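One structure below.
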Amino acid sequence: MIINHIKDKKLKLNWFAVQPTSYNYYFYSAIKQSDKLDISVFYSLKEFSQLPYKEKFYDSEDYFFLEDLLIDFNIIRRTFSRNTFIVYAGWDGKTKLLSIFLRSLLNLPFAIWTDSINPDQYQKNTITKYLKILFFKKAKVIFTTGLMGINSLKKILNSECHNKIVNLPYFSKIPRLYKSAMEKSDKDKFNILVLSRLVDYKGVDIVVEAVKKLNSQNVKLYIGGVGELAETLKRKSLELNIQDQVVFCGFLNENEMIELQNKCHVFVHAAKKHEPYGLVVIDNLSMGIPVIATNVTGAAIDRIKDGFNGFIIEPNDVNSLVHKLEYLMKNQTMLIEMSANARVGAEQWTAERGVSIIENSLINSL
141 MIINHIKDKK
151 LKLNWFAVQP
161 TSYNYYFYSA
171 IKQSDKLDIS
181 VFYSLKEFSQ
191 LPYKEKFYDS
201 EDYFFLEDLL
211 IDFNIIRRTF
221 SRNTFIVYAG
231 WDGKTKLLSI
241 FLRSLLNLPF
251 AIWTDSINPD
261 QYQKNTITKY
271 LKILFFKKAK
281 VIFTTGLMGI
291 NSLKKILNSE
301 CHNKIVNLPY
311 FSKIPRLYKS
321 AMEKSDKDKF
331 NILVLSRLVD
341 YKGVDIVVEA
351 VKKLNSQNVK
361 LYIGGVGELA
371 ETLKRKSLEL
381 NIQDQVVFCG
391 FLNENEMIEL
401 QNKCHVFVHA
411 AKKHEPYGLV
421 VIDNLSMGIP
431 VIATNVTGAA
441 IDRIKDGFNG
451 FIIEPNDVNS
461 LVHKLEYLMK
471 NQTMLIEMSA
481 NARVGAEQWT
491 AERGVSIIEN
501 SLINSL
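Here the sequence shown stands for residues 141 to 506, where the numbers follow the numbering used here.
Here it is, written out as structure tokens:
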């Protein structure tokens with residue numbers, strides 16, 4: 141029935157997501173322009189309070205799960221549709237898990253879109269583990285975010301599933317206007333940017349320590365985001381006597397974020413442990429900002445060519461971070477070159493490229 145359906149008109153696609161974000165909104169908007177897919181988006185959360193932006197990224201026709209119920213039966217009803225392809229983004233909530241289970245049981249087509257999985261979490265023999273592996277086996281397509289995602293899935297799934305794994309990373313809006321390193325307004329400064337939830341594993345404290353070790357009044361660190369460690373980080377900057385060099389920006393709207401990016405020379409993502417993707421990496425590359433990130437970050441493995449558009453370092457390695465920052469601070473020519481490389485590389489991964497991946501993968505799987 142589905143094959144006949146897509147021959148005549150668009151493939152009807154229900155996309156079960158977690159929460160509205162700027163990057164998902166950008167991507168779903170591109171899918172809505174497809175002449176092969178008819179997408180409806182369903183969210184299980186309206187917002188995630190620790191994301192560093194203010195806007196509401198969803199359309200009036202998008203549907204939100206009923207949060208006051210254990211199971212949203214409107215969603216379950218859609219699970220039984222035979223002329224619809226469902227994409228499950230994430231595992232959150234009883235409604236979504238029940239929907240995937242029923243879809244698997246009925247042998248109806250669905251895909252899963254997952255971040256890079258930490259294989260260590262699959263070492264324990266739990267019911268949840270075996271259920272998720274069953275869902276992967278039943279899925280027509282397994283989308284995952286980049287090389288780290290592909291490798292992690294291949295470690296936990298049998299070889300029979302490997303040909304279903306498709307690279308579908310996150311997609312960042314590529315602004316038409318941006319300032320290269322040569323055009324930054326603060327030419328006498330070296331501005332470092334962090335955009336992150338302020339929680340321990342994100343490694344923002346490592347960046348604060350690096351600013352102290354750089355020992356230069358020309359260095360300024362801008363931190364966008366909120367979280368449980370905000371006050372701790374503020375105290376740390378006071379203890380290190382660099383409070384005048386560290387600016388806590390809190391929540392940011394899109395224009396505020398772009399304004400910050402246009403004054404900063406380098407972006408740092410110092411995750412201390414497995415970071416499933418780290419979209420801020422590609423977000424800043426698209427603004428022509430070289431990125432320094434740790435080798436446990438999916439987007440860093442995917443997009444950063446060490447010494448070309450940024451640097452990859454070990455987690456918790458303050459000295460290595462200081463060395464890379466100092467190198468860029470003292471080598472204006474290299475900073476300008478890496479800035480240009482960052483932008484050119486980002487332009488190869490547009491949302492339209494992602495739409496083509498989805499169209500080809502879903503339709504060819506039927």
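Glycine is no exception: its CB is placed at the ideal position from the N, C-alpha and C atoms.
Only a predicted model underlies this, so the values are computations on that prediction, with no experimental measurement involved.
Give me the DSSP bridge partner(s) of residue i.
i    : result
G390 : G364, G365
W155 : V181, V227
I282 : I252, I305
G485 : Its beta-bridge partners do not exist; DSSP assigns none.
V408 : I432
V359 : F330
E415 : T437
Y509 : The structure shown does not extend to residue 509, since the chain is modelled only from 141 through 506, so no value can be given for it.
I382 : Per DSSP, none; premise fails for I382.
L335 : G364
Excluding five sequence neighbours on each side, which residues of the same chain lie with their C-beta closer than 6 Å to the C-beta of residue i?
i    : result
P249 : F225, K280
M478 : P430, N449
F407 : L333, N424, I429, V431
M397 : none
K313 : Y166
G289 : S256
S180 : N154
M469 : F330
V347 : V334, V408, A410
A229 : A157, W253
G343 : A410, A411, K412
F182 : F156, Y203
Y318 : M427, G428
A439 : Y417, G418, V421, I422
With DSSP run on the structure shown, which of helix, strand or coil describes residue i?
i    : result
D423 : helix
Y163 : helix
D446 : strand
H145 : Residue confidence is low: H145 scores 49 on pLDDT, short of 50, so the model does not pin down where it sits. No coordinate-derived value is stated.
L461 : helix
F547 : The first residue shown for the chain is 141 and the last is 506, placing residue 547 beyond what the model contains.
I314 : coil
I452 : strand
E371 : helix
D212 : coil
L297 : coil
S320 : coil
K403 : coil
T268 : helix
T490 : coil
Q261 : helix
G289 : helix
S496 : helix
F197 : coil
S174 : coil
N471 : coil
L502 : helix
N395 : helix
K150 : coil
So, at 7 Å on beta carbons, what are the nonlocal neighbours of residue i in its own chain, with the 5 sequence-adjacent residues on each side left out?
i    : result
N298 : none
R243 : T219, I226, F250
L293 : I257, I282, T284, I305
Y341 : A411, K412, K413
E499 : S174, K176, L177
K376 : D345, V348
So, is the C-beta of residue i closer than 7 Å to a C-beta in chain D?
i    : result
E300 : Included in the structure is just one protein chain, with no chain D present.
Go through its chain and collect everything with a Cβ distance to residue i's Cβ below 8 Å, but skip five positions before and after it.
i    : result
N247 : K278
P98  : The requested residue 98 does not occur in the structure, where the chain is confined to residues 141 to 506.
K172 : I179
D446 : I452
R483 : Y318, S320, L425, S426, M427, G428
S356 : F330, M469
Legend entry - the stretch 454–468 contacting the stretch 482–501, beta-carbon criterion three pairs below 8 Å: Fewer than three Cβ pairs drawn from the stretch 454–468 and the stretch 482–501 lie within less than 8 Å of each other, which leaves the two stretches out of contact.
Legend entry - Any 3 or more C-beta pairs closer than 8 Å across the stretch 412–419 and the stretch 374–388: Contact between the stretch 412–419 and the stretch 374–388 is absent, because fewer than three Cβ pairs lie under 8 Å.
Legend entry - Segment contact flag, the stretch 271–278 with the stretch 296–311, C-beta cutoff 8 Å, min 3 pairs: The stretch 271–278 makes contact with the stretch 296–311: 3 or more CB pairs, one atom from each, lie closer than 8 Å.
Inset, instruction - Could you say if the stretch 370–384 and the stretch 342–354 meet the contact criterion of at least three C-beta pairs nearer than 8 Å? - result: Note that the stretch 370–384 touches the stretch 342–354; at least 3 beta-carbon pairs, one per stretch, sit closer than 8 Å.
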